[in-house]
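*Asks:* In this note's numbering, the protein residues as written are 1 to 251.
Just so it is clear, CB atoms sit at the ideal spot from N, CA and C, and this is done for glycine as well.
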């Protein structure tokens with residue numbers, strides 16, 4: 001496996017479907033070896049690996065619970081031994097939950113924060129020493145428009161994504177002199193399973209009507225932004241949040 005995984009190595013958390021899958025495929029087309037993680041559905045993850053191999057890429061998949069530090073440390077150690085150190089980290093794994101603020105429980109809050117924010121913190125902390133040693137690295141956090149303009153029925157989700165933007169800026173300041181950039185990509189409404197519930201609500205339908213480009217984004221469009229940020233072409237871009245939202249938010 002190690003001999004087949006040449007060039008740079010990217011770890012894409014939550015890479016078995018939706019935006020994560022599109023990112024894994026896009027990075028493959030850039031000549032990057034991809035490791036993708038999944039939480040529960042191994043069959044979906046294996047399908048992405050087969051797709052990548054079919055287009056001439058190299059990929060592997062591991063089960064990782066990003067909210068569990070032991071799981072994160074174990075998987076990254078396995079990748080380091082079997083494939084090599086991670087050059088590009090895409091913190092994409094996330095959970096969303098539609099719930100009125102007054103009904104959010106501590107358990108709900110801890111789950112969303114654990115996956116969406118603490119998971120990105122743990123993965124970043126575990127891979128950054130290798131990036132520092134190599135003098136090059138990319139950390140790309142998939143946040144959300146919700147983290148920029150707040151949430152109504154997903155307050156805990158919005159808070160977690162706002163925190164991810166803060167993490168991005170902080171990593172950019174701490175590690176910029178080590179040849180490492182940290183950026184966030186903030187999608188608006190995207191054609192994914194996660195967004196399907198919101199798109200079925202009156203508020204969601206109203207949002208679509210008011211998108212300046214007249215449609216929601218595709219997973220591939222988000223992946224193209226990640227592909228650029230993962231490349232050498234983006235070397236002077238760090239600490240930024242790149243909006244892929246069709247003009248829903250201009251901040």
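On the DSSP bridge assignment, give the partners of residue 187 in chain order.
*Replies:* In DSSP, residue 187 forms a bridge with 244.
*Asks:* State the Cα-Cα distance for the pair residue 9 and residue 87, rounded to the nearest angstrom.
*Replies:* Their backbone Cα atoms lie some 5 Å apart in a straight line.
*Asks:* Sorted by chain position, which residues of the same chain lie with C-beta nearer than 7 Å to residue 162's C-beta, five sequence neighbours on each side aside?
*Replies:* These residues qualify, in order along the chain: 147.
*Asks:* Return the CA-CA distance between residue 98 and residue 182, expressed in angstroms with no decimal places.
*Replies:* So the two alpha carbons sit approximately 29 Å from each other.
*Asks:* Since I believe residue 115 is in contact with residue 11 (beta carbons under 8 Å), could you give me their beta-carbon distance rounded to a whole number of angstroms?
*Replies:* No, residue 11 and residue 115 are not in contact; Cβ-Cβ is about 16 Å, not under 8 Å.
*Asks:* Is residue 249 buried or exposed, if buried means 16 or more other CB atoms sit within 10 Å of its CB?
*Replies:* Exposed, since its Cβ has fewer than 16 Cβ neighbours within 10 Å.
*Asks:* Tell me the DSSP bridge mates of residue 215?
*Replies:* BP columns for residue 215 are empty, so no partner.
*Asks:* Would you list the residues sitting across from residue 89 in a DSSP beta bridge?
*Replies:* Partner(s): 11 and 139.
*Asks:* Drop a sphere of 10 angstroms on the beta-carbon of residue 213, count the other beta-carbons inside from all chains shown, and report buried for 16 or more, exposed for fewer.
*Replies:* Exposed, because fewer than 16 other Cβ atoms sit within 10 Å of the Cβ of residue 213.
*Asks:* Candidates 244, 157, 205 and 63: which alpha carbon is nearest residue 105's?
*Replies:* The shortest Cα separation from residue 105 among 244, 157, 205 and 63 belongs to 157.
*Asks:* Apart from the five residues on each side of it in sequence, which residues of its chain come closer than 6 Å, Cβ to Cβ, to residue 113?
*Replies:* Here the set comprises 160.
*Asks:* Since I believe residue 141 is in contact with residue 164 (beta carbons under 8 Å), could you give me their beta-carbon distance rounded to a whole number of angstroms?
*Replies:* Indeed, because the Cβ distance is near 5 Å, the residues count as touching under 8 Å.
*Asks:* Which residue comes first and which comes last in the alpha helix (DSSP H) that contains residue 203?
*Replies:* Counting along the chain, the alpha helix (DSSP H) containing residue 203 begins and ends at 202-209.
*Asks:* I'd like to know whether the C-beta atoms of residue 244 and residue 22 end up nearer to each other than 8 Å.
*Replies:* For residue 244 and residue 22, no; Cβs fall outside 8 Å.
*Asks:* With respect to the beta strand (DSSP E) encompassing residue 249, which residues constitute its N-terminal and C-terminal limits?
*Replies:* Element bounds for residue 249: n/a, residue is neither H nor E.
*Asks:* Comparing alpha-carbon positions, which option in 17, 29, 69 and 217 lies nearest residue 186?
*Replies:* Looking at the Cα atoms, 217 is the closest of the given residues.
*Asks:* On a Cα-Cα basis, can you pick out the residue from 70, 68, 55 and 85 that is closest to residue 35?
*Replies:* If we check each option's Cα against that of residue 35, 85 comes out closest.
*Asks:* Where does residue 61 fall in DSSP's three states?
*Replies:* Three-state result, residue 61: strand.
*Asks:* By the DSSP assignment, the alpha helix (DSSP H) with residue 28 in it spans what residues?
*Replies:* 18-29 is the span of the alpha helix (DSSP H), which, as asked, contains residue 28.
*Asks:* Buried or exposed: which applies to residue 201, given that a residue is buried once 16 or more other Cβ atoms fall within 10 Å of its Cβ?
*Replies:* By the 10 Å Cβ count, residue 201 comes out exposed.
*Asks:* Which of helix, strand or coil does DSSP assign to residue 180?
*Replies:* Residue state, collapsed to three classes: strand.
*Asks:* Which of the three DSSP states is assigned to residue 222 in this structure?
*Replies:* It is helical.
*Asks:* On the criterion of 16 or more Cβ atoms from any shown chain inside 10 Å, does residue 53 qualify as buried, or is it exposed?
*Replies:* Counting Cβ neighbours within 10 Å, residue 53 comes out exposed, since fewer than 16 surround it.
*Asks:* Once DSSP output is grouped into helix, strand and coil, what is the label at residue 130?
*Replies:* Of the three classes helix, strand and coil, the one that applies to residue 130 here is helix, per DSSP.
*Asks:* Look at the alpha carbon of residue 234 and the alpha carbon of residue 172, and state the distance between them as a whole number of angstroms.
*Replies:* C-alpha separation (whole angstroms): 13 Å.
*Asks:* Does DSSP classify residue 33 as helix, strand or coil?
*Replies:* Looking at residue 33 - three-state DSSP - the assignment turns out to be strand.
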